[in-house]
Structures are given as C-alpha cells and as structure tokens.
Amino acid sequence: MTTTLAVANQKGGVAKTTSVASIGAALAELGHSVLLVDLDPQACLTFSLGVDPEDLELSVHHVLTKGVEPGEVILETEDGVDLLPATIELARAEADLLTRTGREHVIKTAIEDLDVDYDWILLDCPPSLGVLTVAALTAATGVLVPLQCETLSHRGVGQLLDTVHDVRRFTNKKLEVWGVLPTLYDGRTTHARTVLETISETYDLEVVEPPIPKTIKFAEAPAAGRSILATSRSSKGAAAYREVAANLVTRSQRKPARPAKRAKKK
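For what it's worth, numbering that gives the first Met the number 0 labels the leading residue of the sequence shown as 0, then goes sequentially.
So, in structure tokens, the structure goes:
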C-alpha cells in the first residue's frame, strides 16, 4: 500500500522542503518507489531537485485545476525519486479552488488517478493553512511536522494541530500525526532542548529521531539540483535523514496511534 505523508508547518524557514527532498532520496536509497509533490507556489522543491520552474509548461497547478493527468506532468529526477513539480501559477490555485465543490479532495483524487503504484508519496505543503494544505492533509495517511527548535515554531504547531483536528473530523478520519521532526537543531543550546521537550509534553507528540543538525551543507545542495544525500553523502545531515527515513518506514508498519491533543487554550 502507498503511504502518503504530508510534510507541513505553516511557519516558513523550518527546513520543510529540505526534509521532503532528503527523506525522499533516502527512501529511494532503501529501494522504495517515491513520488514528491511540490505544493508550494515558490517551487523550492522543484528547483532543489534540478528543475527550473520557468521552463515548465505543465505543473501540479494544471493537475489540480485543469484536469490534466498526473502522468503527463511527473518528472524523473537524478535523486531516484519522481517529482510532480510546481510553478508560480500554483499561487492562483487557492482562488481557483475556493468556489469548487469538493476542493478538499483534489489532491486525493489526483493521487488516485496515478498510473504508477508508489510506495511513498511525500507532499511538500505550502507555508500556510489554506486550501492546498487542507487538501494535502485530506489526502494523507499521516502528517510530519518539521520544527525548528525555537518558541515561534512551537506556537505554530498548536495552530496546525487544530487544522488537523478539523480535517480528521470532516474530510479524513484516518489522518494521523506521525510526530515532530526537529530541524536546524543545535543540541548545545538549552533553549533548543527545552522547546523540544515542551512540544512533546504539551501536545503528546512523538519526536522523530534523530534531530537534523544545522549545517551549511543543506544550503549548498539546491545549487547543485540534488539532495544532500548526493552532494554530501557522508555528512552528519545526510546520515540523520537516512536514519529518519528508516524510522519512518518502521513507523508506517505500525498500527494507528491515538490522536494528538489539540492546542491548549490560554
């Protein structure tokens, strides 16, 4: 069965796209077939995997709003994963979908129309809690929350969990929160460790290990159009993502977990 994982956090700058590209490449190394879906109009995932969005005639925008078959848009990448790319046109999708009946199910429908059976589909959600993120959560088996270990990222998790609660109630009862993935992590700081402990205690979320260390190697990878697993194979960052991918494979084989708690109101 396909495992569809939405990688979401409405706060930008938390290494969400880096995590999608790196986990996808690590899963491919493990022998899994993987599709990455770029749902961010900034198209950072598309660019990071060596595809210039400005050169594309078709993108995920056409799949979601124009009825184009996903197979006509999907590209192969050098990292061993397939990509459903994005362009700036996706910025119009929110407005196009707002008045459409069943807009929450457009991504789920697109996935069901795939003519290839993937082991994993990773959805790179936009940095917002709008229509595209809700549609991604509706299509997903689980949601993974990349979290930069600072207080502002911490607060955003509560808002995301409220959205997950609503999605579970109305459009996807089987959606599970797989946990928080600590990114840009500096274990030498007390603040980073404290925020991580607070997240686990407040929301009863699992922490997906190991934490992803802060390193300049991540910034260098997109310029090469590859993930860090290709540009710096022996780095600590690459090793961490390989271990995370292996842990996610194990997680996918578990029985459903109890729902995460909603944010505590003050």
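Just so it is clear, CB atoms sit at the ideal spot from N, CA and C, and this is done for glycine as well.
For GLN147, the three-state secondary structure derived from DSSP is strand. For ASP81, the enclosing beta strand (DSSP E) covers residues 81-83. Secondary structure at PRO40: coil, using DSSP grouped into helix, strand and coil.
When rounded, the separation of the alpha-carbon atoms in LEU55 and TRP177 is 33 Å. Here LEU89 has PRO40 and HIS60 as same chain residues with Cβ atoms under 6 Å from its own Cβ, once five neighbours each way along the sequence are excluded. The three-state reading of DSSP puts GLU75 in strand, counting E and B together.
The residue among CYS43, VAL62 and ILE22 with its C-alpha nearest the C-alpha of PRO221 is CYS43.
Secondary structure note for VAL243: its alpha helix (DSSP H) is the uninterrupted segment 235-251. Sixteen is the threshold: when 16 or more other Cβ atoms of the shown chains lie within 10 Å of the Cβ of THR132, as they do, the residue is buried. Around ALA27, the same chain offers VAL33, ASP78, GLY79 and VAL80 as residues with beta carbons nearer than 7 Å, after the five sequence neighbours per side are excluded.
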